[in-house]
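Trainee:
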Amino acid sequence: MATGPFVELASGLVEAMGQRLDAARPTPEGLTVRTGDGFLYAFLEDPDQVSLETIRRLFGEGDELPVHLVVLTPGRLPLAITEEVLRRGATVVEGTRFLELARQLGLEAYLGQEPRALAARPRRLLPSAHQLDAVMSRARTWLDWGVPALALRFYRQAATLKPEYAPAKIGIGRSLLGLGLVDDAERVFRELAANRPDNVEARLGLAAAYGARARPRDEIEMYRALLAEDQARLEVRAHLVAALVDLNDWAGARIEIEALLERTPEEAQLRFLLGVAKSKLGMEREGAKERAEARRLGLPIEREAVLCQHLGLPPPSSAPTGEDAAKVRAHLRSAPPGRRTRVPSKVPPRTPKRSRGRPSARKPK
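Numbering follows numbering that gives the first Met the number 0, in which position 29 of the sequence shown is assigned residue number 28; successive positions increment by one, without gaps.
Here you go:
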């Protein structure tokens, strides 16, 4: 059985995340906690004692109800077990990320760590505003790290602290999309867009929900409407490029890529995409020049190899070897099944599309 301090730590983490507990049950490996919104948190103290049978048993705890499993452990799970968890659409928080979660919530002492020094509180902020800022910071961190299950916890906590706070609702919607809960995400974005039609993030989220439903034309129409209002919205144009690529509309994608490159001419990934677009349109020589320029601008060969795989292209002529090849394998292995990698960089993440028979192309965790 799990030790008392670990059970206390798990209970403290759940409480600090503002969870309502429907059921908590000790297990031989630790503690499982089921919440009212369909999540099952499995805190596993010693990953060396975790087997594939443990994981299969956890997946069976839904009592025929849909459950999203989140596995949390201070150690590192064996690779085969991690792959099994990810393959089945669950979330893993292990090792240094588990420690960071404990630190964020002031519970690192349970892991034998020194407490982190508290940051000075700005005098201008009331205690409630300071608390909201801290919760939003945690939420953004986990979403940026590609762990929407934890991001959702903190965004919902922020929404409880300030019910009409639009950034928290946007974060809830984006986290739900990251988890593949498209109906719930679309409901959030529709409500926010109806109440605040000038909120660009809400409309972007609604467009992403269309994309997740394999409705690319509706998604593209939304992006074009936003650009008609303001041509300077680079993040909207980047989303539009990705949607056009999903639709295999390389002629349209080329126009938008070139518009982006007018503002960011040294963006290596965009230059690579332009090369692909030209090659797709029959301009092989020009396409090869653009891809060579992307390398000159600093596109790593391992990143190029990953992009080629996601776009269904042959590997680059200078295939990565040794350490670079290991990076490619790790990059691909860490990407959850069925998720797409956004090709243009430095923009908000797109949402995993429902299966449409095309290669995955989503940025990994």
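Yeah, the Cβ is synthetic: ideal placement off N, Cα and C, and Gly gets one too.
When the Cα of residue 160 is compared with those of 181, 142, 134, which residue comes out closest?
Mentor: 134
Trainee: Given a cut-off of 8 Å on the beta-carbon distance, is the pair residue 366 and residue 198 in contact?
Mentor: This structure gives no information on residue 366, because the portion of the chain shown stretches from 0 to 364.
Trainee: Confirm, please, whether the CB-CB distance from residue 271 to residue 284 is below 8 Å.
Mentor: It is not a contact, given that the beta carbons lie outside the stated cut-off.
Trainee: Can you check which of these residues, 215, 237, 73, 51, is closest to residue 85 by C-alpha distance?
Mentor: Its Cα nearest to that of residue 85, the residue 51 stands out among 215, 237, 73, 51.
Trainee: For the pair the segment 76-90 and the segment 99-107, tell me if three or more CB-CB distances fall below 8 Å.
Mentor: no
Trainee: Assuming residue 158 contacts residue 171 (C-beta within less than 8 Å), just tell me the rounded distance between them.
Mentor: 6 Å
Trainee: Are residue 40 and residue 13 close, meaning C-beta to C-beta below 8 Å?
Mentor: Contact: yes.
Trainee: Taking a contact to mean a Cβ-Cβ separation below 8 Å, would you say residue 72 touches residue 43 in this structure?
Mentor: yes
Trainee: To which residues of the same chain is residue 96 closer than 8 Å at the C-beta, ignoring the five residues directly before and after it?
Mentor: 144, 146
Trainee: Indicate whether residue 212 and residue 181 have their beta-carbon atoms separated by less than 8 Å.
Mentor: yes
Trainee: Does the separation of the CB atoms of residue 142 and residue 150 fall below 8 Å?
Mentor: Yes, the pair counts as a contact, with Cβ atoms nearer than the cut-off.
Trainee: CA-CA distance, residue 277 and residue 240?
Mentor: 14 Å
Trainee: Can a CB atom of chain B be found closer than 8 Å to the CB of residue 50?
Mentor: Included in the structure is just one protein chain, with no chain B present.
Trainee: Which one of 228, 238, 264 has the shortest CA to CA distance from residue 252?
Mentor: 238
Trainee: Ignore the nearest five residues each way along the sequence and tell me which others in residue 255's own chain have a CB closer than 8 Å to its CB.
Mentor: 236, 239, 240, 243
Trainee: Determine the closest residue to residue 245 out of 229, 24, 210, with distance taken between C-alpha atoms.
Mentor: 210
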